[in-house]
Amino acid sequence: MKTRALSLAQGRLEAKRSVRWEAMLQDDLDHDGRTDVVMADDGQGADVSEEDGIYTGQWEHDGISLTWTVVMDRLGPLTTAGFVTIRAAASYPGLGGTRVVELGTVRANPAFAGVR
1058 MKTRALSLAQ
1068 GRLEAKRSVR
1078 WEAMLQDDLD
1088 HDGRTDVVMA
1098 DDGQGADVSE
1108 EDGIYTGQWE
1118 HDGISLTWTV
1128 VMDRLGPLTT
1138 AGFVTIRAAA
1148 SYPGLGGTRV
1158 VELGTVRANP
1168 AFAGVR
């Protein structure tokens, strides 16, 4: 389970690192060419607070709960962000309770032309 959880979390990070910047908040989890999850900043489900600049997606697969976030360096549309922090956490049942693996990375906006 730990290996599968780690693989799912790593896969989400790699997908977010490789997708076009404009499609960063959309996920095609089954690779059929159609969006399965649109990440939200609405305070619903796994998203803790509305309009805080933290977009959240969630997926359950084979007993593993995967939650991933995209956090922009500034509030506003994704196109105005200079970079985002991407995190993925996969939780699964283990001895003594729930186990969690967490990974993160940073991705720069390739078209950013602003001031820090």
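Residue numbers (my numbering): 1058 to 1173. Just so it is clear, CB atoms sit at the ideal spot from N, CA and C, and this is done for glycine as well.
Ser1064 carries a helical assignment under DSSP once its states are collapsed to helix, strand and coil. Under the three-state reduction of DSSP, Arg1164 is assigned to strand. The Cβ atoms of Gln1115 and Thr1126 lie no closer than 7 Å to each other. In terms of Cα proximity to Lys1059, the closest of Leu1070, Gly1161, Tyr1149, Asp1130 is Tyr1149.
By a beta-carbon distance limit of 8 Å, Met1096 contacts Leu1082. Their separation comes to about 4 Å. Ser1122 is bridged by DSSP to Glu1117, Ser1148.
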